[in-house]
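Participant: The structure's right below; bear with me while I get my questions together.
Residue numbers (my numbering), protein chains in the order written: chain A, 4 to 340; chain B, 4 to 340.
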């Protein structure tokens with residue numbers, strides 16, 4: 004059995020380029036005792052992978068050069084030498100960026116193929132869903148009636164955060180780039196106000212208009228995915244004691260020069276704002292309650308999967324670049340199987 | 004009876020100048036029924052007063068033009084038309100920037116003249132003390148053994164924060180400007196490492212050296228009074244899950260251009276840092292426990308008052324400017340009585 008995989012062969016400086024990667028074909032032998040063979044159905048790409056391409060200290064180790072990269076994947080067992088797994092089982096792993104692989108059973112987790120479609124386990128019922136759920140409930144301590152500002156709201160995590168906040172009776176102001184994304188926020192996700200930041204020369208003014216349009220004085224919660232001018236706008240329009248869940252700062256990942264915003268960090272003091280960064284791995288204790296809630300909300304038609312699917316591992320880097328070029332809606336997946 | 008007072012007559016742009024203020028003499032009649040007459044012994048100046056000189060929205064209203072400014076003061080009752088107060092009583096009020104005044108009894112709070120010297124109630128046993136106490140214990144959730152980085156550590160709040168952290172068994176790295184302040188931190192406050200930021204071209208490197216010198220890997224708590232490059236250094240050297248109590252950002256108050264630091268806010272995410280601004284007024288419920296602790300620590304010789312005293316209301320603005328020019332040690336007071 005042969006499998007193709009994407010290797011990182013050079014650490015990118017600034018925006019990753021094609022020469023930093025290689026598509027490699029290798030043989031996959033039958034699984035050794037204790038191992039399971041999996042054919043990936045979908046893999047996901049996410050912005051945090053940019054961090055792992057660099058050598059800098061972070062909460063996860065950098066990718067190893069000349070080895071397949073890693074990331075969330077959902078696959079089907081094709082052969083098993085471990086009693087807990089049998090062919091046809093649906094399994095989650097962090098062994099994306101490859102088509103077929105053998106892994107020890109400990110690297111795999113069962114998923115219920117009857118409850119949800121496979122790709123949901125990489126989306127609203129996966130780590131991106133849990134990221135939105137933990138950020139809103141645990142970090143930002145979301146309360147009914149809060150006004151919530153969500154940046155990158157059409158993205159993988161943002162699109163779920165919008166839906167959770169609406170389910171919890173909050174007013175949602177959502178920002179994304181371009182008319183297609185704005186329409187998605189308004190028409191598919193049903194947010195209270197949507198901002199196309201690319202059409203706004205001054206995002207703070209745009210957020211002030213949105214706040215006024217929905218009849219409130221400011222925002223209580225910021226679910227931050229972008230940083231920079233988005234964070235600046237959130238600080239400017241925050242109510243006293245606002246809570247900011249810092250989930251991501253995608254505007255800063257490829258920045259090699261100094262960022263120039265936010266210029267108004269003193270708002271932390273003048274408005275007694277709490278701002279907290281987090282990673283979902285620190286909140287896995289929420290997973291059982293999260294899956295219960297998500298499955299119930301999905302059955303009730305309250306949560307929908309938003310995804311952009313690229314076909315084939317040879318397009319996996321296109322999918323990754325799409326995260327930064329801004330042409331993706333919802334979770335960006337690569338269909339492998 | 005006559006009293007001199009300082010009025011704000013024009014809102015400053017950038018650094019306040021003499022022409023923004025007036026020293027006015029007025030007559031003080033005997034107290035009306037329900038009122039108490041007080042001669043202030045000491046008033047305090049603090050950086051937050053700069054905010055109230057401007058018109059911008061903040062947690063306290065701006066100073067009224069052509070009226071005496073306000074601020075913490077400790078005084079002695081000179082005449083009383085209210086049963087709860089008698090001549091000779093020691094009282095705290097927020098009616099500083101004036102020598103003698105009449106006020107309704109509700110504007111005054113008794114203080115124990117036997118327990119502590121009067122100026123202590125504007126220092127370690129006053130709002131600056133409670134600011135340090137609330138910031139460390141409630142906002143930063145200080146734990147024994149934490150490594151704590153304190154900026155403006157020779158100042159009113161910082162000098163108390165250093166002492167509290169030491170009492171609680173923490174390692175303290177303290178920063179202040181100039182050799183006199185550095186010596187004060189080392190010799191009087193007994194911190195584990197002191198940084199003279201004015202002698203350091205790169206504060207992040209200086210903090211990294213201090214961390215290494217005391218044999219630790221980074222900081223667990225930042226007690227932030229300065230902002231800018233101090234906050235940047237704290238973010239750079241923070242351990243995972245560090246807690247930042249944002250008490251002040253004095254480096255930013257007179258800034259009319261855009262701040263250029265911190266450049267590393269993404270550390271919030273990569274290190275799951277919590278950063279929270281606060282004002283002491285939201286934490287007055289801690290006051291009773293705070294006074295109990297402070298009185299006990301003072302009796303045990305663990306807390307000492309650090310103060311810089313200016314004489315006479317005609318030098319009150321010099322005292323205020325001293326906060327920003329950096330020539331003060333500890334709490335800056337004006338002796339009025």
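Where is the CB? At the ideal position from N, CA and C, for every residue including glycine. Predicted, not measured: the structure shown is a model, and the values here were computed from it.
So is residue 276 of chain A in contact with chain B if we call contact Cβ pairs under 7 Å?
Facilitator: Translated into positions along the first chain, residue 276 of chain A becomes position 273. Residue 276 of chain A counts as touching chain B.
Participant: What residues match up with residue 38 of chain A in a beta bridge as DSSP calls it?
Facilitator: Taking the first residue of the first chain as 1, we reach residue 38 of chain A at position 35. Looking at the DSSP assignment, residue 38 of chain A forms a beta bridge with A:107.
Participant: Anything in chain A within Cβ reach of residue 30 of chain B, meaning under 8 Å, just list it in chain order.
Facilitator: For the purposes of this step, residue 30 of chain B is taken as the residue at position 27 of the second chain. Ordered by position in chain A, no residue passes the 8 Å Cβ test against residue 30 of chain B, which lies about 37 Å from the chain.
Participant: Please list the partners that residue 222 of chain A has in chain B, where partner means a Cβ-to-Cβ separation under 8 Å.
Facilitator: On the first chain, residue 222 of chain A is found 219 positions in, with the first residue counted as 1. Residues of chain B passing the Cβ test: none, with the nearest at roughly 15 Å.
Participant: Any beta carbon of chain A sitting closer than 7 Å to that of residue 280 of chain B?
Facilitator: In the second chain, residue 280 of chain B corresponds to position 277, counting from 1. It does; some Cβ of chain A falls within 7 Å.
Participant: Does the stretch 69-79 of chain B come close enough to the stretch 32-43 of chain B that 3 or more CB-CB pairs lie under 8 Å?
Facilitator: Yes, the stretch 32-43 of chain B is in contact with the stretch 69-79 of chain B.
Participant: Quick check on DSSP: helix, strand or coil for residue 65 of chain A?
Facilitator: The residue given as residue 65 of chain A occupies position 62 in the first chain. Coil.
Participant: Quick check: what's the CA-CA separation for residue 217 of chain B versus residue 276 of chain B?
Facilitator: As a position in the second chain, residue 217 of chain B is number 214, starting the count at 1. As a position in the second chain, residue 276 of chain B is number 273, starting the count at 1. If you take the alpha carbons of residue 217 of chain B and residue 276 of chain B, they lie about 22 Å apart.
Participant: Contact check, residue 157 of chain A vs residue 184 of chain A under 8 Å by CB: the rounded distance?
Facilitator: Looking up residue 157 of chain A in the first chain gives position 154. Looking up residue 184 of chain A in the first chain gives position 181. That pair is a contact at about 4 Å.
Participant: I want to verify the contact list: residues of chain B whose CB lies under 7 Å from the CB of residue 249 of chain A, in sequence order.
Facilitator: Taking the first chain and counting its residues from 1, the one referred to as residue 249 of chain A is at position 246. Simply 271, 272.
Participant: Check residue 312 of chain B in the structure and name its three-state DSSP category.
Facilitator: If you number the second chain from 1, residue 312 of chain B lands on position 309. Residue 312 of chain B falls in the strand class under three-state DSSP.
Participant: Which first and last residues belong to the beta strand (DSSP E) in which residue 135 of chain A is found?
Facilitator: Residue 135 of chain A sits at position 132 when you count from the first residue of the first chain. Where residue 135 of chain A is concerned, there is no enclosing beta strand (DSSP E), although the alpha helix (DSSP H) it sits in stretches over 130-137.
Participant: Report back the beta-carbon spacing between residue 87 of chain B and residue 108 of chain B to the nearest angstrom; my notes put them in contact at under 8 Å.
Facilitator: The count along the second chain starts at 1 and reaches residue 87 of chain B at position 84. The count along the second chain starts at 1 and reaches residue 108 of chain B at position 105. The Cβ separation is near 6 Å, so the contact holds.
Participant: Please report whether the beta-carbon of residue 52 of chain B lies at a distance below 7 Å from any beta-carbon of chain A.
Facilitator: Against the second chain, residue 52 of chain B aligns to sequence position 49. Not one chain A Cβ lies under 7 Å of residue 52 of chain B.
Participant: Assign residue 71 of chain B to one of three DSSP states: helix, strand, or coil.
Facilitator: What you label residue 71 of chain B is simply residue 68 of the second chain in a count that begins at 1. Residue state, collapsed to three classes: strand.
Participant: Is the Cβ of residue 287 of chain A closer than 7 Å to any Cβ of chain B?
Facilitator: As a first step, residue 287 of chain A must be located in the first chain, where it is residue number 284. Answer no: the Cβ-Cβ gap between residue 287 of chain A and chain B never drops below 7 Å.
Participant: Starting from the N-terminal side, write out each stretch of the beta strand (DSSP E) that is 3 residues or longer and does not extend beyond the stretch 216-268 of chain B.
Facilitator: Within the stretch 216-268 of chain B, the complete beta strand (DSSP E) runs of at least 3 residues are 222-227, 241-249.
Participant: To the nearest angstrom, how far is it from the Cα of residue 242 of chain A to the Cα of residue 281 of chain B?
Facilitator: Translated into positions along the first chain, residue 242 of chain A becomes position 239. Translated into positions along the second chain, residue 281 of chain B becomes position 278. Those two C-alpha atoms are separated by around 13 Å.
Participant: What is the DSSP secondary structure of residue 193 of chain B, counted as helix, strand or coil?
Facilitator: Looking up residue 193 of chain B in the second chain gives position 190. Looking at residue 193 of chain B - three-state DSSP - the assignment turns out to be coil, as it is neither helix nor strand.
Participant: Can you tell me whether residue 148 of chain B is buried or exposed, with buried defined as 16 or more other CB within 10 angstroms of its CB?
Facilitator: Position 145 of the second chain holds residue 148 of chain B. It counts as exposed.
Participant: Exposed or buried, residue 195 of chain A, counting other C-beta atoms within 10 Å across all chains shown (16 or more means buried)?
Facilitator: Along the first chain, one-based indexing puts residue 195 of chain A at 192. Looking at its Cβ environment, which holds 16 or more other Cβ atoms inside 10 Å, residue 195 of chain A is buried.
Participant: Excluding the 5 residues preceding and the 5 following residue 332 of chain A in the sequence, name in chain order all residues of the same chain whose CB lies nearer than 7 Å to its CB.
Facilitator: Position 329 of the first chain, counted from the first residue, corresponds to residue 332 of chain A. Closer than 7 Å at Cβ, skipping near neighbours: 157, 184, 187, 309, 311.
Participant: Please report the distance separating the alpha-carbon of residue 338 of chain B from that of residue 80 of chain B.
Facilitator: Counted from its first residue, the second chain places residue 338 of chain B at position 335. Counted from its first residue, the second chain places residue 80 of chain B at position 77. Each residue's alpha carbon lies about 16 Å from the other.
Participant: From B:127, B:94, B:103, B:319, pick the residue whose C-alpha is nearest to that of residue 115 of chain B; which is it?
Facilitator: Position 112 of the second chain, counting from 1, holds the residue named residue 115 of chain B. The candidate whose alpha carbon is nearest that of residue 115 of chain B is B:94.
Participant: Start and end of the beta strand (DSSP E) containing residue 280 of chain A?
Facilitator: Mapped onto the first chain, residue 280 of chain A falls at position 277. Counting along the chain, the beta strand (DSSP E) containing residue 280 of chain A begins and ends at 277-280.
Participant: For the beta strand (DSSP E) containing residue 26 of chain B, name the first residue and the last one.
Facilitator: Taking the first residue of the second chain as position 1, residue 26 of chain B is located at position 23. Element bounds for residue 26 of chain B: 24-30.
Participant: Taking Cβ positions only, does residue 255 of chain A come closer than 7 Å to chain B?
Facilitator: Here residue 255 of chain A refers to the residue found at position 252 when the first chain is read from its first residue. At least one chain B Cβ lies under 7 Å of residue 255 of chain A.
Participant: Tell me which same chain residues have a C-beta within less than 6 Å of the C-beta of residue 207 of chain A, skipping the five on either side of it?
Facilitator: Position 204 of the first chain, counted from the start, is the residue given in the question as residue 207 of chain A. Around residue 207 of chain A: 236, 239.
Participant: Taking three-plus beta-carbon pairs below 8 Å as touching, is the stretch 315-332 of chain B in contact with the stretch 6-25 of chain B?
Facilitator: Contact holds: three or more Cβ-Cβ distances are below 8 Å.
Participant: Please name the residue in B:126, B:64, B:119, B:163 whose C-alpha comes closest to that of residue 140 of chain B.
Facilitator: In the second chain, the residue the question calls residue 140 of chain B occupies position 137. Of the candidates B:126, B:64, B:119, B:163, the one whose C-alpha sits nearest the C-alpha of residue 140 of chain B is B:163.
Participant: Sort A:274, A:254, A:245 by Cα distance to residue 233 of chain A and report the nearest one.
Facilitator: Within the first chain, numbered from 1, the residue matching residue 233 of chain A stands at position 230. Out of A:274, A:254, A:245, A:254 has the C-alpha closest to the C-alpha of residue 233 of chain A.
Participant: What's the gap between the Cα of residue 32 of chain A and the Cα of residue 97 of chain A?
Facilitator: Working through the first chain from its first residue, we reach residue 32 of chain A at position 29. Working through the first chain from its first residue, we reach residue 97 of chain A at position 94. Approximately 20 Å, taken between the alpha carbons.
Participant: Counting only the same chain and skipping the five closest in sequence on each side, list residues whose C-beta sits under 8 Å from that of residue 220 of chain A.
Facilitator: Taking the first chain and counting its residues from 1, one reaches residue 220 of chain A at position 217. Within the same chain, residue 220 of chain A has close Cβ partners 214, 242.
Participant: Grouping DSSP H, G and I as helix and E and B as strand, with all else coil, what is residue 284 of chain A?
Facilitator: Residue numbering aside, residue 284 of chain A sits at position 281 when the first chain is read from its first letter. Residue 284 of chain A falls in the helix class under three-state DSSP.
Participant: So if I threshold CB-CB distances at 8 Å, which residues from the stretch 226-240 of chain B count as touching chain A?
Facilitator: Listed by position, the residues of the stretch 226-240 of chain B near chain A (Cβ gap below 8 Å) are 230, 234.
Participant: Residue 293 of chain A: which of A:111, A:126, A:53 sits nearest, CA to CA?
Facilitator: For the purposes of this step, residue 293 of chain A is identified with residue 290 of the first chain, where counting begins at 1. Ranking the options by Cα distance to residue 293 of chain A, first place goes to A:126.
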